[in-house]
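Enquirer: Note that our numbering has the sequence shown beginning at 18, numbered continuously upward.
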Amino acid sequence: MSAKIKSAPMTPLLGLEIDDLRALLPATEPAFRAKQLYEAIYQQRAASFDQISTLSKSLRDHLAAHHTLGHLHQDSRYQSADGTRRYLLGLSDAKSVEAVIMPEESRDTLCISTQVGCPVNCSFCLTALMGLERNLTAGEIVGQVLHLAADNNLWSDQKRINIVMMGQGEPLLNLAAVLKATRLLCDPKGLNISPRRITVSTSGILPAMVELGQAEVRPRLAISLNASHEEQRRELMPITRKYHLADLIDTCRAYPLRPWEKLTFEYVLLRGFNDTDQDARRVVSLLGNLNCKVNLIALNPGPGISFETPDPDRVASFQAIVRRSLPCFLRRPRGLDIYAACGQLKRMESNLVSLP
Ligand code: SAH
Ligand code: SF4
Numbered sequence: 018m019s020a021k022i023k024s025a026p027m028t029p030l031l032g033l034e035i036d037d038l039r040a041l042l043p044a045t046e047p048a049f050r051a052k053q054l055y056e057a058i059y060q061q062r063a064a065s066f067d068q069i070s071t072l073s074k075s076l077r078d079h080l081a082a083h084h085t086l087g088h089l090h091q092d093s094r095y096q097s098a099d100g101t102r103r104y105l106l107g108l109s110d111a112k113s114v115e116a117v118i119m120p121e122e123s124r125d126t127l128c129i130s131t132q133v134g135c136p137v138n139c140s141f142c143l144t145a146l147m148g149l150e151r152n153l154t155a156g157e158i159v160g161q162v163l164h165l166a167a168d169n170n171l172w173s174d175q176k177r178i179n180i181v182m183m184g185q186g187e188p189l190l191n192l193a194a195v196l197k198a199t200r201l202l203c204d205p206k207g208l209n210i211s212p213r214r215i216t217v218s219t220s221g222i223l224p225a226m227v228e229l230g231q232a233e234v235r236p237r238l239a240i241s242l243n244a245s246h247e248e249q250r251r252e253l254m255p256i257t258r259k260y261h262l263a264d265l266i267d268t269c270r271a272y273p274l275r276p277w278e279k280l281t282f283e284y285v286l287l288r289g290f291n292d293t294d295q296d297a298r299r300v301v302s303l304l305g306n307l308n309c310k311v312n313l314i315a316l317n318p319g320p321g322i323s324f325e326t327p328d329p330d331r332v333a334s335f336q337a338i339v340r341r342s343l344p345c346f347l348r349r350p351r352g353l354d355i356y357a358a359c360g361q362l363k364r365m366e367s368n369l370v371s372l373p
């Protein structure tokens, strides 16, 4: 395939919806061809054009001459002692993106990226140090799920798949691609994953939160709160200067939750900075009357990050206060030894076992 140079670039099919596919098929083809092609890409998950037996050989050749399927290729894979695996996946322009699988007892959580790097610049996050390289396309977002699911044999028990858009990037600065990817992931004729099993996490891009709330097919929403008052949040998350904490809470209050849904607030605990009992009480008064739960994450440290992880008893005390008013969980770190844990995704070359 790489012999085809010079002429128009080969465009990927992964990421296209049925109307997009209809538009690129020759006009002589009947309308149901687009549906056959769509099902081959997302339902049968064909690995090559040759495998699409519902299409004629000549149509397959035509497609292969102008398009790639668009699957991502694995640059490396790192294995943690706790079972977590971190993948570096190559994109068509020689950039790469990270995705992580965390196997658990009752489910397998895939943590996927929505941008290469991130422009939001939170001071506790390693991804921030990369800056933004570019947005991912819907195909590149779905491609991460396809790659990890295939490599870990997840399609055999698809109901276990859980997806969190909490890898590199700020998803709500790439909302169109995130929503398109979500439609492909959730479509019963696509990858058929329930929207209840997909969560998107944001640093609080307010206009995009409003838009997300209006989308017909949308994931659950998590908000990275990380601070208990405006000044503190400005120091940690400069985006707060544009979208103030009080407005973030108002936007959350107005967010149209579905009957089965709660908001999730994430709170990274930083030793001596936002982890006091007083912070915990302020979190309760900020969130007290929202339909939500709180996930605490003790900071995952990294080179270039000036904060430290709080002691476990400080974390426990914080959690105990919040839990009196709201469901509050402590997220245990996964894949710390391979730079796969929250906020650690920066394409680190781990010195642990690199699988072939
Ligand atoms: N950009 C989005 C999603 C990716 S970050 C967002 O900020 O929500 C996913 C989560 O990791 C966020 O809740 C963020 O607060 C958290 N995080 C970032 N850096 C971290 C670190 N060093 N340790 C623990 N959690 C971190
Ligand atoms: Fe970006 Fe999220 Fe990291 Fe902030 S915490 S820099 S928004 S990835």
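Yeah, the Cβ is synthetic: ideal placement off N, Cα and C, and Gly gets one too.
It should be emphasised that the depicted structure is a prediction, and the values quoted were computed from it without experimental measurement.
In terms of DSSP beta bridges, what is P29 paired with?
Expert: Looking up residue 29 in the sequence shown gives position 12. Paired residues: T85.
Enquirer: If you follow the alpha helix (DSSP H) that S374 is part of, which residue opens it and which one closes it?
Expert: Missing from the structure shown is residue 374; the chain here goes from 18 to 373 and no further.
Enquirer: For G186, verify whether its CB is less than 7 Å away from any heavy atom of the ligand SAH.
Expert: Position 169 of the sequence shown, counted from the start, is the residue given in the question as residue 186. Answer for G186: yes, Cβ within range of the ligand SAH.
Enquirer: Just how far apart, CA to CA, sit M182 and S130?
Expert: Taking the first residue of the sequence shown as 1, we reach residue 182 at position 165. Taking the first residue of the sequence shown as 1, we reach residue 130 at position 113. Cα to Cα, M182 sits roughly 6 Å from S130.
Enquirer: Run through DSSP, which three-state label would A20 get?
Expert: Counted from its first residue, the sequence shown places residue 20 at position 3. At A20, the pLDDT of 49 sits below 50, so the modelled position is not reliable; the number obtained from the coordinates is stated separately. Here A20 sits in coil by DSSP.
Enquirer: Name the DSSP bridge partner or partners of K310?
Expert: Against the sequence shown, residue 310 aligns to sequence position 293. Looking at the DSSP assignment, K310 forms a beta bridge with T281.
Enquirer: Have a look at the DSSP bridge pairing and note the partners of N179.
Expert: Taking the sequence shown and counting its residues from 1, the one referred to as residue 179 is at position 162. DSSP output for N179 lists T126 as bridge partner(s).
Enquirer: Enumerate in chain order the residues of its own chain whose CB-to-CB distance from R331 is below 7 Å, with the five nearest sequence positions on each side excluded.
Expert: For the purposes of this step, residue 331 is identified with residue 314 of the sequence shown, where counting begins at 1. Result list for R331: D292, in chain order.
Enquirer: Counting only the same chain and skipping the five closest in sequence on each side, list residues whose C-beta sits under 6 Å from that of L242.
Expert: In the sequence shown, the residue the question calls residue 242 occupies position 225. The residues are F282 and Y284.
Enquirer: Between which two residues does the alpha helix (DSSP H) containing L262 stretch?
Expert: Locating residue 262 in the sequence shown gives position 245, counting from the first residue. Residues L262 to R270.
Enquirer: In three-state DSSP terms, what is V300?
Expert: Taking the sequence shown and counting its residues from 1, one reaches residue 300 at position 283. V300 falls in the helix class under three-state DSSP.
Enquirer: Taking the alpha helix (DSSP H) that H246 belongs to, which residues open and close that run?
Expert: The count along the sequence shown starts at 1 and reaches residue 246 at position 229. No alpha helix (DSSP H) contains H246, which DSSP labels as neither H nor E.
Enquirer: Thinking C-alpha only, which one of Y59, R258, E278 and K259 is nearest P212?
Expert: As a working mapping, residue 212 is identified with position 195 in the sequence shown. For the residues Y59, R258, E278 and K259, the minimum Cα distance to P212 belongs to E278.
Enquirer: Could you tell me the distance, in whole angstroms, from the CA atom of N368 to the CA atom of R102?
Expert: Sequence index remark: in the sequence shown, residue 368 carries index 351 (1-based). Sequence index remark: in the sequence shown, residue 102 carries index 85 (1-based). For N368, the predicted structure reports a pLDDT of 41, less than 50, and the residue's modelled location is therefore unreliable. The matter cannot be settled from this model.
Enquirer: Roughly how far, in whole angstroms, is the beta-carbon of R351 from the beta-carbon of F324, given that I think they are within contact range, below 8 Å?
Expert: Position 334 of the sequence shown, counting from 1, holds the residue named residue 351. Position 307 of the sequence shown, counting from 1, holds the residue named residue 324. Not really, about 20 Å apart at Cβ, beyond 8 Å.
Enquirer: By the 10 Å Cβ neighbour count, where 16 or more other Cβ atoms means buried, how is V117 classified, buried or exposed?
Expert: Residue numbering aside, residue 117 sits at position 100 when the sequence shown is read from its first letter. By the 10 Å Cβ count, V117 comes out buried.
Enquirer: Does the Cβ-Cβ distance between C142 and G186 come in under 8 Å?
Expert: Looking up residue 142 in the sequence shown gives position 125. Looking up residue 186 in the sequence shown gives position 169. No, the pair does not count as a contact, with Cβ atoms beyond the cut-off.
Enquirer: Could you tell me if the beta carbon of C142 falls within a distance shorter than 7 Å of some heavy atom in the ligand SAH?
Expert: Residue numbering aside, residue 142 sits at position 125 when the sequence shown is read from its first letter. Yes, the Cβ of C142 comes within 7 Å of a heavy atom of the ligand SAH.
Enquirer: Quick one: measure Cβ to Cβ for M27 and T85, integer angstroms, because I've assumed they're closer than 8 Å.
Expert: In the sequence shown, residue 27 corresponds to position 10, counting from 1. In the sequence shown, residue 85 corresponds to position 68, counting from 1. So it is a contact: roughly 5 Å between Cβ atoms.
Enquirer: Using only the heavy atoms of the ligand SAH, determine whether one of them is closer than 7 Å to the beta carbon of I129.
Expert: Within the sequence shown, the letter at position 112 stands for residue 129. No, the ligand SAH has no heavy atom inside 7 Å of this Cβ.
Enquirer: Does the beta-carbon of N179, which I'm using as the reference point, lie nearer than 7 Å to any heavy atom of the ligand SF4?
Expert: For this step, residue 179 is matched to residue 162 along the sequence shown. No - the ligand SF4 has no heavy atom lying nearer than 7 Å to the Cβ of N179.
Enquirer: At a cut-off of 7 Å, would you count Q361 as near the ligand GTP, judging by its Cβ distance to the nearest heavy atom?
Expert: Among the ligands in the structure shown, the ligand GTP does not appear; only the ligand SAH and the ligand SF4 can be found there.
Enquirer: Can you tell me the Cα-Cα spacing of P224 and C139, whole angstroms?
Expert: Stepping through the sequence shown from its first residue, residue 224 is reached at position 207. Stepping through the sequence shown from its first residue, residue 139 is reached at position 122. Taking the straight line joining both Cα atoms gives about 19 Å.
Enquirer: Please list, in chain order, all residues of the same chain as C203 whose beta carbon is under 8 Å from its beta carbon, the five residues on each side excluded.
Expert: Numbered from its first residue, the sequence shown carries residue 203 at position 186. So the qualifying residues of the chain are N209, I210, S211, P212, I215 and V234.
Enquirer: E115 and Y104 look like a contact to me (Cβ under 8 Å); what is the Cβ gap, rounded to whole Å?
Expert: As a position in the sequence shown, residue 115 is number 98, starting the count at 1. As a position in the sequence shown, residue 104 is number 87, starting the count at 1. Right, their Cβ atoms sit about 7 Å apart.
Enquirer: Between which residues of its own chain and P273 is the CB-CB distance below 7 Å, once the five residues before and five after are set aside?
Expert: Translated into the one-based positions of the sequence shown, residue 273 becomes position 256. These residues qualify, in order along the chain: G230.
Enquirer: Given M18, which residues of its chain have a CB within under 8 Å of its CB, disregarding the five upstream and five downstream residues?
Expert: Taking the first residue of the sequence shown as 1, we reach residue 18 at position 1. For M18, the predicted model reports a pLDDT of 46, less than 50, meaning its position is unreliable and no value from the coordinates is stated.
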